[in-house]
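A.B. asks: Take a look at the following structure, please.
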Amino acid sequence: MNYEDVMNLAQRRGYLIRSAEAYPNTPAGFWDYGPLGVSLRNRYVEMWRKSIVKRDEMIEIDAAQIMPRSVFEASGHISNFTDPVVVCGKCRSLYRPDKLIEEKLGRATPENLPDAKYDELLKEHGIRCAKCGTPLSGTKRFNMMFKVGVGPQGDEAYLRPETCQGIFADIPFLFKTQRVKLPKGFAQVGKSFRNEIAPRQGVLRLREILQAEIEVCFDPGATATPRFDVAADYELSIAKGDVEPVPTRVSDAISAGTVPNKLVGYYLYLIQSFYEDAVGLKKEEIRLRTLTDVEKAFYSKVAYDLEVRTSVGWLELVACNYRSDYDLKRHSEVSGTDYTVEVDGRKVLPHIFELSMGVDRSLYVILERAYRSEKDAKGGDRVYLSLRPGLAPILAGVFPLVSKDGLDVEAERIYEELRADYDLFYDESGSIGRRYARADEAGVPFCVTVDQDTLTKGEVTVRSRDDRAQVRVKTDELGDWLEAKLVSG
RNA sequence: GCGGCCGUGAUCUAGUGGUCAGGAUUGGGGCUUCCCAAGCCUCCUGCGCGGGUUCGAAUCCCGCCGGCCGCACCA
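In this note's numbering, the protein residues as written are 197 to 685.
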């Protein structure tokens, strides 16, 4: 199992489609979800909603993707979501001037000096292109936000680079109307846009990504959380750096200072256990990597990346950031709106802890882990997706063993009867083995086959994808049987 | 963005200047009526895009787009 096999299957079976492939000049970094992909994604997001959003009584919103420049002035993205770059005038090599100066001087150089200052420093220290020796000059800014013009005057606005800015922009309204008591989680699923310099590796590095985010607002003076007890003895897979995770009880991690407080500990438990329980990953396949100061985003005080072991190495799926009061303070200042919440008669500006999940990457991980390739009886490859029933886009195929003697009529009747309640597909073309194989590759967990005995005894054969085992089920109990599989899986 | 390699139906691939671009798998239709991609018949879909060289380009050259790898970047 590797990246290419997974992406090949995903594209062949309608999980993923390269966006606008028919047009040769379509830029990289954009992918479409095909029919099976949409369904998988919907199920995955619903699982997240159930396991995290609803369980923790969070408030979910869906904000606009385009917001005015001022929002991103407040968020810091106008000035901080940019990198200074300098291009060699001769060979077009691209450099980060701050990194070059840092290297030369051996001390940290801020990445937010005026552009002219970089040119000055480059000149002063005689820094030249490493490739062709040409002196470097002409520093400019590359902002990774997509700029859009709104209305006939093209008013300056941007596609949000992270979904949370929509939550932050709405929070004063939500505080007022939703009778919010701290701590409170705010959730959102939606697209974010980042103009990556060089997107690569399919859905692992996109310019348009789907995020499922939680922003927890809390009183920094009261970081206890009502549900902490269930998390206290849970073992987090903590990794201090690029190392194997070490199982660490939440309460121990807090005493050791690895985790700043109970609230952060609780939410780390929530997100890691989601990947264990809902996605089916083992503790040693997950790590919460603590980020160093240089790795952290500009708004982040303490940061953990939830990473998962994959065929392409550890892959970051969730950014867990303690953003302190950075965001609400800035939005309050720039917008002039009161962002405080009343707690016991005091006005409190909440702090934020965020769990920012990359949905596309999570789905890739699910597909990669489900991918199975085995030799079949005749020495051919049997490829199937071992998706659990709760996640599989299609729960079962309904097939007449042969399309004669009324078997097709009965199979269609069964299909029609159940298809409103379960995701099924009907197929009578090709041999029964071919139909099983087709279903296997699409990740369909069960195939229901109607044979002669179905007509006389009222029983169908249900064949399982993973072990190819067959059981007989009473036709009129088939709905309950499928329901049970759906609930338990 | 730089360097290297690469780009033929949905997938894998043959084709290195000249007959209608060939095959396999998949997919559609039909026959067969069958419990793990059986067999037979049949059909659809392709040279990434643009320009150049040439009597003639999938093939040679240039540019662009895309892919993979390395560097850089990565909230």
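Every residue gets a Cβ at the ideal spot worked out from N, C-alpha and C, and that includes glycine.
Return the chain-ordered list of same chain residues with a C-beta closer than 7 Å to the C-beta of Thr536, the five sequence neighbours on each side being excluded.
C.D. replies: For this step, residue 536 is matched to residue 340 along the first sequence. If we look at Thr536 and ignore the five residues flanking it on each side, its Cβ neighbours are Lys543, Val544, Leu545.
A.B. asks: Grouping DSSP H, G and I as helix and E and B as strand, with all else coil, what is Gly629?
C.D. replies: Here residue 629 refers to the residue found at position 433 when the first sequence is read from its first residue. Looking at Gly629 - three-state DSSP - the assignment turns out to be helix.
A.B. asks: Please report the Cβ distance between Glu452 and Arg485, rounded to the nearest whole angstrom; I am assuming they are in contact, meaning their Cβ atoms lie under 8 Å.
C.D. replies: Looking up residue 452 in the first sequence gives position 256. Looking up residue 485 in the first sequence gives position 289. The question names Glu, yet the displayed sequence has Ala at residue 452. The Cβ separation is near 16 Å, so there is no contact.
A.B. asks: With respect to the beta strand (DSSP E) encompassing Asn238, which residues constitute its N-terminal and C-terminal limits?
C.D. replies: For the purposes of this step, residue 238 is identified with residue 42 of the first sequence, where counting begins at 1. Taken as a continuous stretch (DSSP letters only), Asn238 belongs to no beta strand (DSSP E), being part of the alpha helix (DSSP H) at 231-244.
A.B. asks: Only counting the same chain, and skipping five residues up and downstream in sequence, which positions put a Cβ closer than 7 Å to that of Val241?
C.D. replies: Translated into positions along the first sequence, residue 241 becomes position 45. Val385, Ala408, Val555.
A.B. asks: What does Cys413 pair with, by DSSP beta-bridge criteria?
C.D. replies: For this step, residue 413 is matched to residue 217 along the first sequence. Paired residues: Lys380, Ile548.
A.B. asks: Secondary structure at Met553, three-state DSSP: helix, strand or coil?
C.D. replies: To locate residue 553, count along the first sequence from 1; it is residue 357. Reduced to three states, the DSSP call for Met553 is strand.
A.B. asks: Nearest CA to the CA of Arg609: which residue from Gln349, Val656, Ser552?
C.D. replies: Residue mapping note: residue 609 aligns to position 413 of the first sequence, counting from 1. Here the closest residue by C-alpha is Val656.
A.B. asks: Cα-Cα, which of Leu477, Glu613, Arg630 is closest to Asp676?
C.D. replies: One-based indexing of the first sequence puts residue 676 at position 480. The candidate whose alpha carbon is nearest that of Asp676 is Glu613.
A.B. asks: Between Cys360 and Glu550, how many whole angstroms is the CB-CB distance? I'm expecting something under 8 Å.
C.D. replies: Numbered from 1 along the first sequence, position 164 holds the residue referred to as residue 360. Numbered from 1 along the first sequence, position 354 holds the residue referred to as residue 550. Right, the Cβ-Cβ distance comes to about 6 Å (below 8 Å), so this counts as a contact.
A.B. asks: Taking only three categories from DSSP, how would you classify Tyr567?
C.D. replies: In the first sequence, counting from the first residue as 1, residue 567 sits at position 371. Tyr567: strand per DSSP, three-state reduction.
A.B. asks: Hey, quick one: how far does the alpha helix (DSSP H) through Lys653 stretch, first residue to last?
C.D. replies: Here residue 653 refers to the residue found at position 457 of the first sequence. Taken as a continuous stretch (DSSP letters only), the alpha helix (DSSP H) holding Lys653 covers 648-653.
A.B. asks: Would you give the residue range spanned by the beta strand (DSSP E) that Gln666 belongs to?
C.D. replies: For the purposes of this step, residue 666 is taken as residue 470 along the first sequence, with counting starting at 1. Element bounds for Gln666: 666-670.
A.B. asks: Can the beta-carbon of His527 be found less than 8 Å from the beta-carbon of Ala365?
C.D. replies: For the purposes of this step, residue 527 is identified with residue 331 of the first sequence, where counting begins at 1. For the purposes of this step, residue 365 is identified with residue 169 of the first sequence, where counting begins at 1. Yes, the Cβ-Cβ distance between His527 and Ala365 is below 8 Å.
A.B. asks: Please report the distance separating the alpha-carbon of Glu472 from that of Lys479.
C.D. replies: Counting from one through the first sequence, the residue named residue 472 turns up at place 276. Counting from one through the first sequence, the residue named residue 479 turns up at place 283. Rounded to the nearest angstrom, the two C-alpha atoms are 7 Å apart.
A.B. asks: Check whether the stretch 408-427 and the stretch 373-384 touch, using three or more Cβ-Cβ pairs below 8 Å as the test.
C.D. replies: yes
A.B. asks: State the DSSP-derived secondary structure class of Ile213, mapped to helix, strand or coil.
C.D. replies: One-based indexing of the first sequence puts residue 213 at position 17. If DSSP states are grouped into helix, strand and coil, Ile213 belongs with the strands.
A.B. asks: Alpha carbon to alpha carbon, how far is Lys497 from Arg578?
C.D. replies: As a working note, residue 497 is residue 301 in the first sequence. As a working note, residue 578 is residue 382 in the first sequence. Taking the straight line from one Cα to the other gives about 49 Å.
A.B. asks: Which residues bound the beta strand (DSSP E) around Ser333?
C.D. replies: The residue labelled residue 333 in the question sits at position 137 within the first sequence. Secondary structure note for Ser333: it is in no beta strand (DSSP E), with a DSSP letter that is neither H nor E.
A.B. asks: Report yes if the C-beta distance between Pro596 and Glu570 is below 8 Å; otherwise report no.
C.D. replies: Walking along the first sequence from the start, residue 596 turns up at place 400. Walking along the first sequence from the start, residue 570 turns up at place 374. No, the pair does not count as a contact, with Cβ atoms beyond the cut-off.
A.B. asks: Using alpha carbons as the reference points, say which of Leu378, Trp244, Tyr354, Ala638 lies closest to Phe342.
C.D. replies: Here residue 342 refers to the residue found at position 146 when the first sequence is read from its first residue. Checking every option, the nearest Cα to that of Phe342 belongs to Tyr354.
A.B. asks: Please name the residue in Lys250, Asp438, Leu466 whose C-alpha comes closest to that of Tyr430.
C.D. replies: Taking the first sequence and counting its residues from 1, the one referred to as residue 430 is at position 234. In this structure, Leu466 is the residue among Lys250, Asp438, Leu466 with its C-alpha nearest to the C-alpha of Tyr430.
A.B. asks: Short check: CB of Leu205 to CB of Trp227, under 8 Å?
C.D. replies: As a first step, residue 205 must be located in the first sequence, where it is residue number 9. As a first step, residue 227 must be located in the first sequence, where it is residue number 31. No, Cβ-Cβ distance for Leu205 and Trp227 is not below 8 Å.
A.B. asks: Starting from the Cα of Ala270, find the closest Cα among Arg630, Tyr495, Asp315 and give me that residue.
C.D. replies: Here the question's residue 270 lines up with position 74 in the first sequence. Residue Tyr495 is the option with its Cα nearest to Ala270.
A.B. asks: Could you tell me whether the Cβ atoms of Ile274 and Phe268 are closer together than 8 Å?
C.D. replies: Taking the first sequence and counting its residues from 1, one reaches residue 274 at position 78. Taking the first sequence and counting its residues from 1, one reaches residue 268 at position 72. Contact flag set, yes.
A.B. asks: Sort Pro641, Leu603, Val605, Glu606 by Cα distance to Pro585 and report the nearest one.
C.D. replies: Position 389 of the first sequence holds residue 585. The shortest Cα separation from Pro585 among Pro641, Leu603, Val605, Glu606 belongs to Pro641.
A.B. asks: Distance, Cα to Cα, Arg519 vs Arg483?
C.D. replies: On the first sequence, position 323 is the one that residue 519 refers to. On the first sequence, position 287 is the one that residue 483 refers to. The alpha-carbon atoms of Arg519 and Arg483 are separated by roughly 21 Å.
A.B. asks: What do you get for His547, buried or exposed, if any count of 16 or more other CB atoms within 10 angstroms of its CB means buried?
C.D. replies: Translated into positions along the first sequence, residue 547 becomes position 351. Its Cβ being crowded by 16 or more others within 10 Å, His547 is buried.
A.B. asks: Spatial neighbours of Pro395 within its chain, please: CB distance less than 7 Å, with the 5 preceding and 5 following residues excluded, ordered by chain position.
C.D. replies: Locating residue 395 in the first sequence gives position 199, counting from the first residue. The residues are Ala224, Gly225, Arg401, Leu402, Arg403.
A.B. asks: Drop a sphere of 10 angstroms on the beta-carbon of Ser660, count the other beta-carbons inside from all chains shown, and report buried for 16 or more, exposed for fewer.
C.D. replies: For the purposes of this step, residue 660 is identified with residue 464 of the first sequence, where counting begins at 1. Counting Cβ neighbours within 10 Å, Ser660 comes out exposed, since fewer than 16 surround it.
A.B. asks: Just verifying my parser: in three-state terms, what is the DSSP assignment at Thr373?
C.D. replies: Mapped onto the first sequence, residue 373 falls at position 177. Three-state result, Thr373: helix.
A.B. asks: Give the secondary structure of Ile363 by DSSP, where H, G and I count as helix, E and B as strand, and everything else as coil.
C.D. replies: In the first sequence, residue 363 corresponds to position 167, counting from 1. Three-state DSSP puts Ile363 in a helix.
A.B. asks: Are Leu464 and Thr419 closer than 8 Å when you measure CB to CB?
C.D. replies: Stepping through the first sequence from its first residue, residue 464 is reached at position 268. Stepping through the first sequence from its first residue, residue 419 is reached at position 223. In this structure, Thr419 does not lie closer than 8 Å to Leu464 by Cβ.
A.B. asks: What are the start and end residues of the alpha helix (DSSP H) that includes Asn204?
C.D. replies: Position 8 of the first sequence, counting from 1, holds the residue named residue 204. Element bounds for Asn204: 199-208.
A.B. asks: Could you pull out every residue in the same chain whose Cβ sits closer than 6 Å to the Cβ of Ser558, ignoring the five residues on either side in sequence?
C.D. replies: Against the first sequence, residue 558 aligns to sequence position 362. Contacts found: Leu513.
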